[in-house]
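There are 2 protein chains.
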Amino acid sequence: MNVMNDSPRRKELTRQAAQLFVQEGFDRTTVRMLAQEMGIKSGSLFHHFRDKQEILAAVIEEGTQNALVIAKAALEECDNSAEARLQAMARAHLETLLTDRNAHVVALYEWRRLDPEARDHLSHLRDAYEALWEEVIDAALAEGLIHGDRFLVARFVMGALNWTVRWYDPAGPRSPDDLAHELVAMITHRV
Amino acid sequence: MNVMNDSPRRKELTRQAAQLFVQEGFDRTTVRMLAQEMGIKSGSLFHHFRDKQEILAAVIEEGTQNALVIAKAALEECDNSAEARLQAMARAHLETLLTDRNAHVVALYEWRRLDPEARDHLSHLRDAYEALWEEVIDAALAEGLIHGDRFLVARFVMGALNWTVRWYDPAGPRSPDDLAHELVAMITHRV
DNA sequence: GATTTACACTAGCGCTTGCTTGGTTGACCC
DNA sequence: GGGTCAACCAAGCAAGCGCTAGTGTAAATC
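Taken in sequence, the protein lines are chains X and Z.
Positions 1 to 191 (UniProt numbering) are the ones given, in order, by the first sequence.
Positions 1 to 191 (UniProt numbering) are the ones given, in order, by the second sequence.
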């Protein structure tokens, strides 16, 4: 058994698993279905992952890690104004929804299927991502760009953004940049 | 078999099923677990519901129907200003999250486990609810209370509100009314 | 040339699943 | 006091589940 590495092979299998988890849901996806999608037999699957749970954890870890990297990069590239940073975060968030949609949908819907150890590990990753948001929102509050309760504003914004996976159509007329712009315009009170 | 009625007994069983579906998720909740929670044997369950799917549909229908009734009542009770109506809708939404929390969480997370016929039927109910929101948002746009794209504003607001089931603690210091007030303040641009 | 490693295979164990069947119970009704 | 009916039960079926054991093999490493 070859568990817990991050070979390119395992990454590819993880990506395929994510797709099936979205289509069927974690519980309804059997190891036999996963194996068939991957072009191997069900027994061979356990060479790459300790058990079915670990596949779920791998999918979510991959997506969250990418989101974190992209958000950090976006913040480094933009100017220092609170508005530019808000917009950069929103756009980055929506862009990962495009490139890593499957993983994010899984993270959203199947989070509770993780066993406690995996959940603990992954929630640290997620906290790191949310901390970026809170930092940006704090700056916007301090600048008077937005008003209200720090905690509530952060949750409302993350809610609006996360909800986009339910309706956003990447093939439609609106770009992630359009959406980010519209969201920021909605919550900012310009002077 | 006694399927498709709406006896008080069935309503009570539906309520108990909702609780289990939230705790365990639909797929992991077995008919034996449901029966035990209800104080009957697993076979008896199929006297009240045609199959497991129908229990899920009943849970979601119940919650959505209640939300619709409450929202309509709230709109009738408040004055005609766009701001008052926005706030009434938001408060009503958050209040159903308190009283019917289980059903709404199930609707959110297990919607995709519905078979196509049930999904079709229930999406009409949900559309009726969302239509109320769009009406109120249109009025607010027309009054200049909020700005932006009609479609996007509606989705962002619903996202922020629906997301509250992930973090809102009814036992905490904030009332649904506080939240509704804060949300409306966030998105309105007063003159 | 021998050994190890990575990856795949077949076969199947022990258990759980949603649901069916055939029958019993007790309250109510004319 | 026979008939009706919702509500329930015990038992079990066929199918499917996650996972293990043991084996084969080509490439990499010594």
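Yeah, the Cβ is synthetic: ideal placement off N, Cα and C, and Gly gets one too.
- Using a 10 angstroms sphere on the CB of E12 of chain X, the tally of other CB atoms stays under 16, which defines it as exposed.
- Assignment of E117 of chain X by DSSP, reduced to helix, strand and coil, places it in the helix class.
- Between L56 of chain Z and A140 of chain Z, the alpha-carbon positions lie close to 36 Å from each other.
- At a cut-off of 8 Å between beta-carbon atoms, L125 of chain Z makes no contact with chain X.
- In the displayed model, I187 of chain Z falls within a helix according to three-state DSSP.
- At least one CB of chain Z lies nearer than 8 Å to the CB of N162 of chain X.
- Along the region 127-143 of chain Z, none of the residues has a CB nearer than 8 Å to a CB of chain X.
- Counting only runs that start and end inside the region 61-122 of chain Z, the alpha helix (DSSP H) elements of at least 4 residues fall at 82-99 and 101-110.
- The Cβ atoms of L20 of chain X and M33 of chain X lie closer than 8 Å to each other.
- Look at E143 of chain Z here: in three-state DSSP terms it is coil, with no helix or strand label.
- In the structure shown, G39 of chain Z adopts coil according to DSSP, grouped into three states.
- Using a CB distance cut-off of 8 Å, F156 of chain X counts as an interface residue toward chain Z.
- If you draw a 10 Å sphere on the C-beta of H47 of chain Z, you find fewer than 16 other C-beta atoms in it, and that means exposed.
- For T14 of chain Z, the enclosing alpha helix (DSSP H) stretches over residues P8 to E24.
- Among the residues of chain X, those whose CB is under 7 Å from the CB of G148 of chain Z are E182, A185 and M186, following chain order.
- At a beta-carbon threshold of 8 Å, none of the residues of chain Z lie near L56 of chain X; the nearest stands roughly 13 Å away.
- Taking 8 Å as the CB threshold, H104 of chain X stays off the interface with chain Z.
- Nearest CB-CB separation between H189 of chain Z and chain X: below the 8 Å threshold.
- Scanning its chain for C-beta atoms nearer than 7 Å, with the 5 sequence neighbours on each side dropped, one finds around A18 of chain X the residues V59, N102, A103 and V106, in chain order.
- Between A171 of chain X and the set X:G63, X:L97 and X:T29, the nearest pair of CA atoms involves X:L97.
- Setting aside the 5 residues that flank it on each side, L114 of chain X is surrounded in the same chain by Q53, L56, A57, I60 and L122, each with a C-beta closer than 8 Å to its C-beta; the list follows chain order.
- Taking a beta-carbon distance threshold of 8 Å, V153 of chain Z counts as an interface residue toward chain X.
- Chain order gives the chain Z residues near L179 of chain X as L152, where near means a beta carbon separation below 8 Å.
- Around the Cβ of V157 of chain Z, a 10 Å sphere holds 16 or more other Cβ atoms; the residue is buried.
- For the pair E76 of chain Z and R9 of chain X, the Cα-to-Cα distance works out to about 59 Å.
- Look at G159 of chain Z here: in three-state DSSP terms it is helix.
- The Cβ atoms of L179 of chain X and L152 of chain Z sit closer than 8 Å to each other.
- Within 7 Å of the CB of D27 of chain Z, the CB atoms of chain X belong to G25, D27 and R28, in sequence order along the chain.
- Chain-ordered, the chain Z residues with CB closer than 7 Å to the CB of R112 of chain X read G25.
- Secondary structure of D169 of chain Z (DSSP, three-state): coil.
- The continuous alpha helix (DSSP H) containing F46 of chain Z extends over residues L45 to H48.
- Taking 8 Å as the cut-off, the Cβ atoms of L94 of chain Z and T164 of chain Z count as close.
- Your pair L145 of chain X and A82 of chain X checks out as a contact, with CB atoms roughly 5 Å apart and the cut at 8 Å.
- Under the Cβ distance rule, G159 of chain X counts among the residues neighbouring chain Z, one pair being separated by less than 8 Å.
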